[in-house]
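Asks:
Numbering (the numbering used here), first residue to last: 1 to 324.
(1) Can you tell me whether DSSP reads residue 118 as helix, strand or coil?
(2) Residue 144 lies in the beta strand (DSSP E); which residues open and close that run?
(3) By how many angstroms is the C-alpha of residue 167 removed from the C-alpha of residue 330?
(4) Quick check on residue 154: does DSSP put it in helix, strand or coil?
(5) Quick check on residue 294: does DSSP put it in helix, strand or coil?
(6) Look up residue 108 in the DSSP assignment and give the residues it is bridged to.
(7) Is the stretch 258-272 in contact with the stretch 223-230, if contact means three or more CB pairs nearer than 8 Å?
(8) Locate the alpha helix (DSSP H) running through residue 188, then write down its first and last residues.
(9) Between residue 246 and the rest of its own chain, which residues show a CB-CB distance below 7 Å, the 5 nearest in sequence each way excluded?
(10) DSSP on residue 86, reduced to helix/strand/coil?
(11) Taking 8 Å as the cut-off, decide whether the C-beta atoms of residue 183 and residue 322 are in contact.
(12) Have a look at the DSSP bridge pairing and note the partners of residue 169.
(13) Is DSSP giving residue 250 helix, strand or coil here?
(14) For residue 32, which residues of its own chain have a beta-carbon under 7 Å away from its beta-carbon, when the five flanking residues on both sides are left out?
(15) Does the ligand ATP have a heavy atom nearer than 7 Å to the CB of residue 231?
(16) How close, in whole Å, do the beta carbons of residue 157 and residue 35 come, if the pair is a contact with beta carbons under 8 Å?
(17) Among the residues of its own chain, which have a CB less than 6 Å from the CB of residue 40, if the five just before and after it don't count?
(18) Among all the DSSP beta bridges, which residues are the ones paired with residue 220?
(19) Sort 94, 217, 42 by Cα distance to residue 257 and report the nearest one.
(20) From residue 44 to residue 144, what distance separates their C-alpha atoms?
(21) Would you mind sorting residue 124 into buried or exposed? The rule is 16 or more other CB atoms within 10 Å of its CB.
(22) Could you pull the start and end residues of the alpha helix (DSSP H) that residue 55 belongs to?
(23) Mind checking which residues open and close the alpha helix (DSSP H) that includes residue 260?
(24) When we look at the beta-carbon of residue 119 and count the other beta-carbons within 10 Å, is it buried (16 or more) or exposed?
(25) Please name the residue in 103, 163, 63, 54 whose C-alpha comes closest to that of residue 90.
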C-alpha cells in the first residue's frame, strides 16, 4: 500500500474591509476600466489596523478544521506560507499553533512568495508520506497591503490581503493515479530573475520592511511559459494528461496570465477556478482561498483531479496535482 496526503478540509478568511477599484481612482492616476482590463481585478480586501497575518491564518485554519470535522489537537504540524509575517521571528506558524491552542506537534513558515503555498503543500506531502506527520495544516496568509507603494499605480492596485487553509491527512492508497490525495508535485526556482519581483527592504540590507517592486511585462511573459510547463511536468509525473484534469486552480495574479496558461494547457476557462476579480493577488493565500471558494461554490467535488500552480518572486514556481 502507498500513503497519500488527502485533503480533508478547506477554509478561508478575508478581512471585512473591501476596497473597490474606485478607491484608487480617487488617489492615483488610474481608472476602474484600466485595472479591470489589465488584471481582471474589481475589488480586494485590506486588513484592518491591528489585524495581522497570523490572526487571519488562525481564522482560516479554524474554518478548515470545521470543514474536516476535526480539532486542533488532531493536528501534528502547521506550515504557513507567507512573505508578510507578523514579526521577523518567531515564525507566523508558531503563532498560529498557539492561537489554535496546540501544545504539541511542530510549526514553521515557508517563504516562496506567490508560489509559497505550492511549496508548502509539497513539503507537507513529503512529511506525510515519510511518516513525519499524519495530519498537517497548510496555510497561505498575507497582508500585502502593508508593503505596497500606494503611489506606484502599476503595483498598488493588484494586491490584497487574506488567508486560506487546507488540512491534509495520511490515507492508504494503491499507488495508482486513481488514488485520492496528492499525486505529484513539481518545484522550480531561478534566482537570476530576482529583479522582476522583489521588495526593496530587509533585515540585513535596509533594516526596514521595504516596498514591493515589479517589472510587469517581463514577468507576464515568464509566468505564462513557466506555469504551463510546471503543470505539464506535474501531470507527467502523475501519469495524467490535460484531458484527465477537472479543475485548474491557479495563483490568482492576473486574469490574462490565468487565461494564457489555460490556453497553453488546452483547457477551457470553464475548468478554471477564478477569484481574482474579488480578491486581487493575495500572494501565497490565493490558491487556498480559491480552493475554499471553489469547494463552497460546488465546483470542486470528491475525486476531481485538480492542478494547482503558481509563480512568485525569486523567481520560484511549481505545481501540484491531486485528486480531491
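Yeah, the Cβ is synthetic: ideal placement off N, Cα and C, and Gly gets one too.
Replies: Reading it off the structure:
(1) helix
(2) Taken as a continuous stretch (DSSP letters only), residue 144 belongs to no beta strand (DSSP E), as it is neither H nor E.
(3) Since the first residue of the chain shown is 1 and the last is 324, residue 330 is not available in this structure.
(4) coil
(5) DSSP places residue 294 within a helical segment (H, G or I) once states are collapsed to three.
(6) 79
(7) yes
(8) For residue 188, there is no enclosing alpha helix (DSSP H); the enclosing beta strand (DSSP E) has its first and last residue at 181-189.
(9) 271, 304, 305, 306
(10) coil
(11) yes
(12) 6, 135
(13) strand
(14) Annotation for residue 32: 21, 22, 25 place their beta carbon closer than 7 Å to its own, counting only its chain and skipping 5 residues before and after.
(15) Within the structure as shown, the ligand ATP is missing, as the structure has no ligands at all.
(16) 5 Å
(17) 255, 276, 277
(18) Bridge partners of residue 220: none, in fact.
(19) 217
(20) 11 Å
(21) For residue 124, the number of other beta carbons within 10 angstroms of its own is at least 16, and it is reported as buried.
(22) 53-68
(23) 255-264
(24) buried
(25) 54
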